[in-house]
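A.B. asks: Following this message is one structure expressed as structure tokens.
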Amino acid sequence: MRINLNTSIVFLFVLLVVTCSKDDDETTATPPRDRAEQQASDLDTLQNYFNTHYYNSGALANLPTYPTINDIEISKLEEGQTLPENTTLLADAVQEKTTVYKDVDYKYYLLKLKEGQGDQPHFTDQVRVNYEGSLMNGNNFDSSVNPVDVDLVSSISGWSRVMPQFRTASGYTTNNNGTVTFENYGLGVMFLPSGLSYFNNSATGIPSYSCLVFKFELHQYQVMDHDNDFIPSYMEDRNNNMDVSDDNTDDDRFSNFADTDDDGDGYKTFREITYITYSQPTREALEIELQGLSPAANQFITAIEMEEDGSFSAKLVTLEDTNGNGIPNYLDSDDAQTLN
Ligand SMILES: [Ca+2]
Ligand SMILES: [Ca+2]
Ligand SMILES: [Ca+2]
Ligand SMILES: [Ca+2]
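Put into structure tokens, the structure is as follows:
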């Protein structure tokens, strides 16, 4: 894995998230409900939640420091209670978003408190976040004590849709005690129907068919290339449906994002492209050098990586199309091989 980030504390969340794709463990198998019907029911649940819950908008806007997930307070409006001062009903604050997942039209909702001032991750990247997850009844089922790294490909589908709509921190400072303070990060709350969460699966503290609420801070991200073939995973979603599991050019057992020979012609993908490696002693120097490049339509620059000697490198990749049929060699099992 081409990760420069500290991955030591990622496992709690990934374990939790990966559980959703399995039908074993302590999960009792029941036939899944119809996704469209469940979504209609979840929308009622979410709308009712937005009409009966408010958040501390005034306090958040007037904090002396940059807000964190711990500053976000969502409270229930009791029957007959008037909305407290300096708060906003969620129904008046959340943004409605639409997406298609497993051929079903979904709606989900965002409370975008801070967009962030860094970069936007791709839906297949790894993000470093602080988060807190809870059920509609307010029960917390999980939270990060320290920022954790989450691979959006292994995460619930709601996360892979929400994170690219926020930006990472613009930078960070290292404090005297060694901790790091991120600046101008994305901060928000996502409200997910069960179909973009665990659906019929259950996990610790999460019953089947639960709508979920996640408060989160988006600190950093890393472009992922899961199969290390120099084609970043977001580019392996050939049909552009935000799902890399259904793209399989050679119809073998491995989707393109996890396939080192995407067209199955016996030539590894990294041998069917060409690339120039750029290297500099510092990230800043490399960024300046890369900014001077102007990639052609069939070229792209890979993510910057730190090498073992502490230097930084990135590649300018060219997707060669030797026979000129519009299909790059690495996806074209009929191309005339010019490699040794
Ligand atoms: Ca796809
Ligand atoms: Ca394949
Ligand atoms: Ca691949
Ligand atoms: Ca190949």
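Using the numbering used here, the letters of the sequence shown map in sequence onto residues 525 to 864. Yeah, the Cβ is synthetic: ideal placement off N, Cα and C, and Gly gets one too.
Return no unless some Cβ of chain C is closer than 8 Å to the Cβ of T784.
C.D. replies: The structure shown contains no chain C; it holds only a single protein chain.
A.B. asks: Between which two residues does the beta strand (DSSP E) holding S667 run?
C.D. replies: Along the sequence shown, read from residue 1 onward, the residue named residue 667 stands at position 143. Here the beta strand (DSSP E) through S667 covers 664 to 667.
A.B. asks: Flag T793 as yes when its Cβ comes closer than 7 Å to any non-hydrogen atom of ligand 4, and as no otherwise.
C.D. replies: Position 269 of the sequence shown, counting from 1, holds the residue named residue 793. Yes, the Cβ of T793 comes within 7 Å of a heavy atom of ligand 4.
A.B. asks: Strictly by DSSP, which residues pair up with Y745?
C.D. replies: Numbered from 1 along the sequence shown, position 221 holds the residue referred to as residue 745. For Y745, which the question treats as bridged, DSSP gives the partners V651.
A.B. asks: If I follow the unbroken alpha helix (DSSP H) through E639, where does it start and stop?
C.D. replies: Numbered from 1 along the sequence shown, position 115 holds the residue referred to as residue 639. Looking at the DSSP string, E639 is not in any alpha helix (DSSP H), and its letter there is neither H nor E.
A.B. asks: Does DSSP put S678 in a helix, a strand or coil?
C.D. replies: Counting from one through the sequence shown, the residue named residue 678 turns up at place 154. Here S678 sits in coil by DSSP.
A.B. asks: Within the same chain, show all residues whose beta-carbon is closer than 8 Å to that of S684, passing over the 5 residues directly before and after it, in chain order.
C.D. replies: To locate residue 684, count along the sequence shown from 1; it is residue 160. F647, T648, L676, V677, M766.
A.B. asks: Please state if the CB of Y802 and the CB of F754 are separated by a distance shorter than 8 Å.
C.D. replies: Looking up residue 754 in the sequence shown gives position 230. Looking up residue 802 in the sequence shown gives position 278. Not closer than 8 Å, so no.
A.B. asks: Hey, is D787 close to ligand 5, as in C-beta under 7 Å from one of its heavy atoms?
C.D. replies: Among the ligands in the structure shown, ligand 5 does not appear; only ligand 1, ligand 2, ligand 3 and ligand 4 can be found there.
A.B. asks: List in chain order: all unbroken alpha helix (DSSP H) runs of 4+ residues lying wholly within the segment 679 to 709.
C.D. replies: 681 to 686, all fully within the segment 679 to 709.
A.B. asks: Just reading off the beta strand (DSSP E) that Q872 is part of, what are its end residues?
C.D. replies: It is not possible to answer for residue 872, since the shown part of the chain is limited to 525 through 864.
A.B. asks: List the endpoints of the continuous beta strand (DSSP E) containing I812.
C.D. replies: Numbered from its first residue, the sequence shown carries residue 812 at position 288. No beta strand (DSSP E) holds I812; the alpha helix (DSSP H) holding it covers 807 to 815.
A.B. asks: Buried or exposed for N772, going by 16 or more other Cβ atoms inside 10 Å?
C.D. replies: Start at 1 with the first residue of the sequence shown, and residue 772 comes out as number 248. So N772 counts as buried.
A.B. asks: Return the Cβ separation of I825 and L840 in integer angstroms, given the expectation that the two are a contact with Cβ distance under 8 Å.
C.D. replies: The residue given as residue 825 occupies position 301 in the sequence shown. The residue given as residue 840 occupies position 316 in the sequence shown. Right, the Cβ-Cβ distance comes to about 6 Å (below 8 Å), so this counts as a contact.
A.B. asks: Report the CB separation of H750 from F781 in whole angstroms; it is logged as a contact under 8 Å.
C.D. replies: By 1-based counting over the sequence shown, the position of residue 750 is 226. By 1-based counting over the sequence shown, the position of residue 781 is 257. Yes, H750 and F781 are in contact; Cβ-Cβ is about 5 Å, under 8 Å.
A.B. asks: With distance defined between alpha-carbon atoms, name the residue in R652, H577, S835 nearest to M884.
C.D. replies: One cannot answer for residue 884 here, as it falls past the ends of the chain, which runs 525 to 864.
A.B. asks: According to DSSP, is K546 helix, strand or coil?
C.D. replies: Mapped onto the sequence shown, residue 546 falls at position 22. Residue placement at K546 cannot be trusted, given a pLDDT of 42 that sits under 50; the coordinates are not used to answer.
A.B. asks: Just to be sure I understand the criterion: a residue counts if its Cβ is closer than 5 Å to at least one heavy atom of ligand 2. Which residues meet that?
C.D. replies: This selection yields N772, D774, D776, F778, D783.
A.B. asks: Run the proximity test for I851: is its beta-carbon closer than 7 Å to any non-hydrogen atom belonging to ligand 3?
C.D. replies: Taking the sequence shown and counting its residues from 1, one reaches residue 851 at position 327. No, the Cβ of I851 stays beyond 7 Å of every heavy atom of ligand 3.
A.B. asks: Which of the three DSSP states, helix, strand or coil, is assigned to G850?
C.D. replies: Translated into the one-based positions of the sequence shown, residue 850 becomes position 326. It is coil, neither helix nor strand.
A.B. asks: Taking the DSSP output, what are the residues bridged to Y579?
C.D. replies: Counting from one through the sequence shown, the residue named residue 579 turns up at place 55. Bridge partners of Y579: I598, T612.
A.B. asks: Using beta-carbon positions only, say whether K600 and T622 come within less than 8 Å of one another.
C.D. replies: Counted from its first residue, the sequence shown places residue 600 at position 76. Counted from its first residue, the sequence shown places residue 622 at position 98. Going by C-beta atoms, K600 is not nearer than 8 Å to T622.
A.B. asks: Which residue's Cα is closest to the Cα of Y633: L855, A838, L570?
C.D. replies: Residue 633 sits at position 109 when you count from the first residue of the sequence shown. Nearest option by C-alpha distance: L570.
A.B. asks: Taking the C-alpha atoms as reference points, what is the distance between N594 and D770?
C.D. replies: Looking up residue 594 in the sequence shown gives position 70. Looking up residue 770 in the sequence shown gives position 246. In a straight line, the C-alpha of N594 is about 38 Å away from that of D770.
A.B. asks: By the 10 Å Cβ neighbour count, where 16 or more other Cβ atoms means buried, how is D833 classified, buried or exposed?
C.D. replies: As a working mapping, residue 833 is identified with position 309 in the sequence shown. D833 comes out exposed.
A.B. asks: So, P645 versus T692, is the Cβ gap smaller than 8 Å?
C.D. replies: In the sequence shown, the residue the question calls residue 645 occupies position 121. In the sequence shown, the residue the question calls residue 692 occupies position 168. Closer than 8 Å, so yes.
A.B. asks: Return the residue from the list A564, P608, E602 that minimises the CA-CA distance to G582.
C.D. replies: Locating residue 582 in the sequence shown gives position 58, where the first residue counts as 1. Here the closest residue by C-alpha is P608.
A.B. asks: Just checking R691 against ligand 1 - is the residue's beta carbon closer than 7 Å to any of the ligand's heavy atoms?
C.D. replies: Against the sequence shown, residue 691 aligns to sequence position 167. Because no heavy atom of ligand 1 lies under 7 Å away, the Cβ of R691 does not count as near it: no.
A.B. asks: Would you kindly check if the distance between the Cβ of V618 and the Cβ of L635 is under 8 Å?
C.D. replies: Counted from its first residue, the sequence shown places residue 635 at position 111. Counted from its first residue, the sequence shown places residue 618 at position 94. In this structure, V618 lies closer than 8 Å to L635 by Cβ.
A.B. asks: Please look up how many angstroms separate the CB atoms of Y625 and G712, rounded, as I've assumed it's under 8 Å.
C.D. replies: Translated into the one-based positions of the sequence shown, residue 625 becomes position 101. Translated into the one-based positions of the sequence shown, residue 712 becomes position 188. About 20 Å separates the two Cβ atoms, so there is no contact after all.
A.B. asks: Does ligand 4 have a heavy atom nearer than 7 Å to the CB of E796?
C.D. replies: Within the sequence shown, residue 796 is the residue found at index 272, counting from 1. Result yes, Cβ under 7 Å from ligand 4.
A.B. asks: In this structure, how does DSSP classify T773 when only helix, strand and coil are distinguished?
C.D. replies: Locating residue 773 in the sequence shown gives position 249, where the first residue counts as 1. Coil.
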